[in-house]
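Peer 1: This is the structure I want to talk about, given as structure tokens.
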Amino acid sequence: MQLWLIPAFPLAGFLINGLLGRRASKGFINAVAIGSVLLSFAWVLKTIMGLGDVSSRYVEHYFTWIQSGALQVNFDFAVDRLTVVMLLVVTGVGALIHIYSVGYMGHEGGYYRFFAYLNLFMFFMLTLVLAANYLVLFVGWEGVGLCSYLLIGFYFLRQSATNAGNKAFIVNRIGDFGFSLAIFLVFLNFGTLDFGGVFANVPGKPETLLNTIGLLLLVGACGKSAQIPLYVWLPDAMEGPTPVSALIHAATMVTAGVYMVARSNVIYIHAPVAQEAVALIGLATAFFSATIGLLQNDIKKIFAYSTVSQLGYMFVGAGVGAFSAGIYHLVTHAFFKALLFLGSGSVIHALSGEQDVRRMGGLAKKIPWTFWTMLCAAVAIAGVPPFSGFYSKDMILAAAYQRAPWIYWVGAITAGLTAFYVFRAIFLAFFGAYRGHEHPHESPPVMILPLAALAFLSLAGGFLFDVPQFLERLFPPIEESHDVTLVAVSVAIGLAGIGLAALFYVVKPSLPDSLAASFSGVYKLIYNKYFVDEIYDAAVVKPVVNGSRSLLWKGVDVGLIDAGVNGLGWSARGIGGILRLLQSGSIRSYATWVVFGSVVLMVAMAMAGGVR
Amino acid sequence: MNLLDLVLLLPLVGFLAGLVLPRASEHLIRVSALVFSLVTFGVSVGLGFGVRAGEQFVTDVPWIRSPNIHYHVSVDGLSVWLIILSTFLTPICVAISWKYIQSRVKEFYAFLLLLELGLVGVFAAQDLFLFYVFWEISLVPMYFLIGIWGHERRIYAAVKFFLYTMAGSMLMLAAIIFLYNRTGTFDYPGLMEMLSSGRLSLSGGEQMLLFLAFFIAFAIKVPLFPLHTWLPDAHVEAPTAGSVMLASVMLKMGCYGLVRFCLPMFPGAARSCAPWIAVLAIIGIIYGALVAMVQPNMKKLVAYSSVSHLGFVVLGIFSFTQIGLDGAVYQMLNHGISTGALFILVGYLYERRHSLFIKDFGGVATPAPWLSAIFLVTTLASIGLPILNNFVGEFMVLQGSAQANYTWTVFAALGVILSACYMLWLYQRVFYGAAGQEVSSHVHDLSAREFAGIIPLVVMMVWMGVYSQSFLPPVSVADGRVLDQTKVNVRFQVKTPALKSQTAEVARVR
């Protein structure tokens, strides 16, 4: 099957553009970058055709990566139905975003660098989903983090961008710390890192062990998928170019944590505490970040917090045992959130860089394609039936109700908040009168076409791709309730959110300000994102840096250890100076010392003898 | 005369040739050094093909009758890559010093080749006295490299480096003489044979004292916290080539000594000290990283990062597991490649801006994109990004230490987070942002010679990260033998948590 070709095409694209791109023409760069992703997409399709219905796992072995004692890690790829879903999303949405970027990045410097990084990202992401063991997955995992770092800091002249890049990498490293500890524990107890070998032996292992592994994996997933308490990097990641936000920070990379949890579903099923933790963290993140999304004014930040919130939804799905529902939401979210970001990119492009929704308005007539496509995404994310988000969200909520009704209720309220903030952005940007000073212009076809394709997928993706049915045999069955009331309630809450947004931002625009004035405390708290960044800075970053500087370096290293060493040196010199006095060169003083020494020696010997 | 003897002879001939060549013909001296070091490297690669199992390329001839000292050299999987690392880096050091060193050119290259001789000799020696001789030989040229071609505080740093190392060497010499008095031989394989057959039996106290004497000598060289304070000074003051050889190879003399001598000769003492040493190693990992983070000087930052990285090596060694030991040896090589590259790149920056202070840079990426790209790859290798070399070593060390004691791994793995902090922060402050007046007027991209000096290292980073099978199998064989010896020679019972998991690991391997 030559699975390795799937990531190899983008890798070749990265190498070609990275090494030669500086002197190459834009046409050449486009051909290499987009061509490699399209080839990869084609190879995915060919692979799927070749594998038939992919009913069993197909593994390819390439070479031994690390071998020592009992440890043997192979560079292996494997395909099962879960991988197929991920491959299609990554290469399909990835190809669309590559095409869109040709238009969006057309006027930017470092054009070749952008596409080289984007190709490198595709390579690592495809490695991640194809991996047949935890360590190869970790290769992709760290690699996509690297590309995220590079692309967030793409505008490296801006310090805010490079700060955000560092923050993303380091926060992810904290997650990876947990992930790697889980890997060590897996090898210690299973003697292998291969998915097949590990999952086959999970039943029968002690529950505490599985809970520990599950929780450590969750730490990793929280880093990559921006869950509480490690979500803080994702909103800052919006410093990167908008196509990056769409591809990496919405559609693909940030869902890697969900993928990893779903991949490890056998462990989580046997680790009730860890699975509960997945659900609770997901739920808390979904609700908490949705509230922050309510009051953001930067259009990309709104959707960033929305992404954090939707990822939380996926975690809830996995956490309540509905893994396929979580993956379902991953797929539909890839469509509508990529579209929301690309649409905002089109808006930003139209307004020459303006990102503040307060300085938009009335854009529906000026950039109609962007407006209509974004509207498709908005109804999809708001859970309006029969669009894609409705299917997946409804499935997660139904499964959550089976686990615990209160999870359902929190989830449903979050859905209402989601509908509200998305439509708030839509209304502020596209309705009313234009409040800015630019001359909005519609984006070129190369950007509109991907928007249209994603709009179609956002609307129809739900019933076109029945992901849960496709994944049926991979995961334990979902205990579903077919209670129509639950569906009706959650849809009603979503619609109420839209209605409220319309009331606030179309019908009676003075309402938000008066509300903000009367709840100013809460408003300030949420507006400032609960001061989480400030708290982390004061509680972790500053103490570590200052402590290292004044206590460890200046205190322990220079003040204590080195001062001690130098003191030893000086005292040796001092003793030498005293001893030098003995070497006076005077025969008489030598003779005195000889006599003195002999006496001391004799006394000592006598005493030693006496003791004996 | 076999390949190994040739690898030892060539630097010596090159050194002598350098002394004979006229002082004025600097270009000729440089070319001569380059040719000799390249040929040495070419020959040494042959060693890599030769070593697949056990000891190879043995030469054992009497040197001094009384005391009974032999010229006994050989290579095995433990030493072969370290020898090749030394011969690999020497021509690179010649190339990067081409323009950097403009005074006393003749002496500089002579000392560099003498240093190479000492380093190769240390790794090849199978006679304890010969080992000691090479150990000291390597010390002298480094002392002069720092003291003559260093920066402002070079004398202080050179003396500190020399005295620190000498203090340890004296202890080691005493231990070597003690062993000679007991056995009448300096021959290392002979001593090992006596130990395993029981003809040489050390009491618990003797073993502990001998172990400590060797251990302290090696720990200073590694350097293990808290014996590390000579390192930042030596690195900051040394010229680039000195820093490269110091970090990449000389520090490995200590690590190598731990594996070669401390573990197999005094296994009981080593095992009973292992928990303490592991704790020091872990402190070194975290402490080195935290102190590196706040350094204003790039070379000092890299120096403290070495303290952190070498903590991993020591942790792997004292995990007493096959995986940990293999990882430790691999990590020695990885650190040699990636930290060597970091020092070379910092040297390139210094040659442009004549400063080592981070605050004097910023925005280098704009005028020097290739330099920045290669620095980035090296940074990523250094912080253990998968498919680059350090990841493989760190992973194995942490997995091995997890087999010995999972808690160690939990704390040691913190170093992986911190390494990202200090390296990325460094990278941001040096390369990102807008280029200031000084940077944009002085900093230009790499020349062909500079490319030639760094690209081989980048290739190695990828090669060692992707296909470790080119290097690991002989290492595993040698480490397996070391571990077997640590089981044979145990004379007194030690109770450590490491012991229990060790037996489990052995059972699994068999």
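Each protein sequence line maps, in turn, to chains A and B. Everything in the first sequence is counted per our numbering, starting at 1 for the first residue and increasing by one. Everything in the second sequence is counted per our numbering, starting at 1 for the first residue and increasing by one. Note that beta-carbon positions come from the ideal geometry of N, C-alpha and C, so glycine has one too. Model, not experiment: these values are computed from the prediction.
Could you tell me whether any Cβ in chain A is nearer than 9 Å to the Cβ of residue 112 of chain B?
Peer 2: It does not: the Cβ of residue 112 of chain B has no partner Cβ on chain A nearer than 9 Å.
Peer 1: Please classify residue 592 of chain A as buried or exposed, where buried requires at least 16 other C-beta atoms within 10 Å of its C-beta.
Peer 2: Residue 592 of chain A should be labelled exposed.
Peer 1: Examine chain A for any beta-carbon lying closer than 9 Å to the beta-carbon of residue 321 of chain B, and answer yes or no.
Peer 2: By this cut-off, residue 321 of chain B is an interface position.
Peer 1: Are there three or more Cβ pairs, one per stretch, closer than 8 Å when the stretch 160-174 of chain A is compared with the stretch 412-420 of chain B?
Peer 2: Touching, per the Cβ criterion.
Peer 1: Quickly, what does DSSP pair residue 73 of chain A with across the bridge? List them, please.
Peer 2: Bridge partners of residue 73 of chain A: A:66.
Peer 1: Please identify, using Cβ separations under 8 Å, the residues of the stretch 418-435 of chain B that lie next to chain A, in order along the chain.
Peer 2: Those would be 420, 421, 424, 425, 428, 431, 432, 433 and 434, in chain order.
Peer 1: Using a C-beta cutoff of 9 Å, does residue 143 of chain B count as contacting chain A?
Peer 2: No, residue 143 of chain B does not count as interfacial toward chain A.
Peer 1: Residues bridged to residue 437 of chain A by DSSP?
Peer 2: In DSSP, residue 437 of chain A forms no bridge with anything.
Peer 1: Scan the stretch 73-144 of chain B and note each continuous alpha helix (DSSP H) run of 4 residues or more that stays entirely inside, going in chain order.
Peer 2: Qualifying alpha helix (DSSP H) stretches, in chain order: 77-100 and 105-124.
Peer 1: Give the secondary structure of residue 187 of chain B by DSSP, where H, G and I count as helix, E and B as strand, and everything else as coil.
Peer 2: Reduced to three states, the DSSP call for residue 187 of chain B is strand.
Peer 1: Please name the residue in B:214, B:290, B:285 and B:281 whose C-alpha comes closest to that of residue 264 of chain B.
Peer 2: Per the Cα distances, B:214.
Peer 1: Looking at residue 392 of chain A: is its Cβ nearer than 9 Å to the Cβ of residue 305 of chain A?
Peer 2: No, they are not a contact pair.
Peer 1: Would residue 407 of chain A be called buried (16 or more neighbouring beta carbons within 10 Å of its own) or exposed?
Peer 2: Counting Cβ neighbours within 10 Å, residue 407 of chain A comes out buried, since at least 16 surround it.
Peer 1: Shortest alpha-carbon distance to residue 496 of chain A belongs to which of A:564, A:419, A:386 and A:140?
Peer 2: Taking only the C-alpha atoms, the option nearest residue 496 of chain A is A:419.
Peer 1: What three-state label does DSSP hand residue 364 of chain B in the structure shown?
Peer 2: Coil, per DSSP.
Peer 1: Note down, in chain order, each residue of its chain lying with its Cβ closer than 7 Å to the Cβ of residue 10 of chain B, except the 5 sequence neighbours on either side.
Peer 2: If we look at residue 10 of chain B and ignore the five residues flanking it on each side, its Cβ neighbours are 36, 39, 40 and 43.
Peer 1: Do the stretch 267-278 of chain B and the stretch 129-141 of chain B touch if we need at least three Cβ pairs shorter than 8 Å?
Peer 2: With the cut-off at 8 Å, the stretch 267-278 of chain B and the stretch 129-141 of chain B do not touch.
Peer 1: Count the other CB atoms, across all protein chains shown, that sit within 10 Å of the CB of residue 483 of chain A; report buried if there are 16 or more and exposed otherwise.
Peer 2: Under this definition residue 483 of chain A is an exposed residue.
Peer 1: Beta-carbon of residue 67 of chain A versus every beta-carbon of chain B: anything under 9 Å?
Peer 2: So yes, residue 67 of chain A belongs to the interface.
Peer 1: So with CB distances below 8 Å, who are the chain B contacts of residue 233 of chain A?
Peer 2: Those within 8 Å of residue 233 of chain A in chain B number zero; the least Cβ separation is about 13 Å.
Peer 1: Using only the alpha-carbon positions, how far apart do residue 151 of chain B and residue 215 of chain A sit?
Peer 2: Rounded to whole angstroms, residue 151 of chain B to residue 215 of chain A spans 51 Å at the Cα level.
Peer 1: Which one of B:484, B:480, B:486 and B:13 has the shortest CA to CA distance from residue 69 of chain A?
Peer 2: If we check each option's Cα against that of residue 69 of chain A, B:480 comes out closest.
Peer 1: With a threshold of 16 other CB atoms inside 10 Å of the CB of residue 429 of chain B, please say whether the residue is buried or exposed.
Peer 2: With 16 or more other Cβ atoms within 10 Å, it is buried.
Peer 1: Mind reading off the beta-carbon distance from residue 347 of chain A to residue 299 of chain A? Whole number of angstroms is fine, and I expect it under 8 Å.
Peer 2: The pair is a contact, with the Cβ atoms about 7 Å apart (cut-off 8 Å).
Peer 1: My parser needs the alpha helix (DSSP H) runs of 4 or more residues fully inside the stretch 353-425 of chain A; what are they?
Peer 2: List check, alpha helix (DSSP H) in window: 363-366, 368-381 and 388-403.
Peer 1: Is the CB of residue 367 of chain B under 9 Å away from at least one CB in chain A?
Peer 2: By this cut-off, residue 367 of chain B is not an interface position.
Peer 1: Counting contacts by CB-CB distance shorter than 9 Å, is residue 557 of chain A in contact with chain E?
Peer 2: The chain labelled as chain E is not found among the protein chains of the depicted structure, namely A and B.
Peer 1: Tell me the rounded alpha-carbon separation between residue 576 of chain A and residue 605 of chain A.
Peer 2: Cα-Cα distance, rounded: 28 Å.
Peer 1: Please confirm whether residue 456 of chain B has its beta-carbon closer than 9 Å to some beta-carbon of chain A.
Peer 2: No, residue 456 of chain B does not count as interfacial toward chain A.
Peer 1: Short of 8 Å in beta carbon distance, which residues of its chain neighbour residue 452 of chain A, apart from the five on each side in sequence? Order them along the chain.
Peer 2: For residue 452 of chain A, where only same-chain residues beyond five positions count, the Cβ hits under 8 Å are 369 and 373.
Peer 1: So which residues of chain B does residue 169 of chain A contact, with C-beta pairs closer than 7 Å?
Peer 2: Residues of chain B passing the Cβ test: 420 and 424.
Peer 1: Determine the direct distance from the alpha carbon of residue 334 of chain B to that of residue 501 of chain B, and round the result to whole angstroms.
Peer 2: Caution applies to residue 501 of chain B, whose pLDDT of 45 falls short of 50 and renders its modelled position unreliable; the model cannot decide the point.
Peer 1: Nearest-angstrom Cα distance between residue 61 of chain A and residue 77 of chain A?
Peer 2: For residue 61 of chain A and residue 77 of chain A, the distance between alpha carbons rounds to 7 Å.
Peer 1: So, is the C-beta of residue 344 of chain B closer than 9 Å to a C-beta in chain A?
Peer 2: No, its Cβ sits nowhere closer than 9 Å to a Cβ of chain A.
Peer 1: Just the C-alpha distance for residue 18 of chain A and residue 380 of chain B, rounded to the nearest angstrom, thanks.
Peer 2: Rounded to the nearest angstrom, the two C-alpha atoms are 17 Å apart.
Peer 1: For a quick check, are the C-beta atoms of residue 192 of chain B and residue 256 of chain B less than 9 Å apart?
Peer 2: No, the pair does not count as a contact, with Cβ atoms beyond the cut-off.
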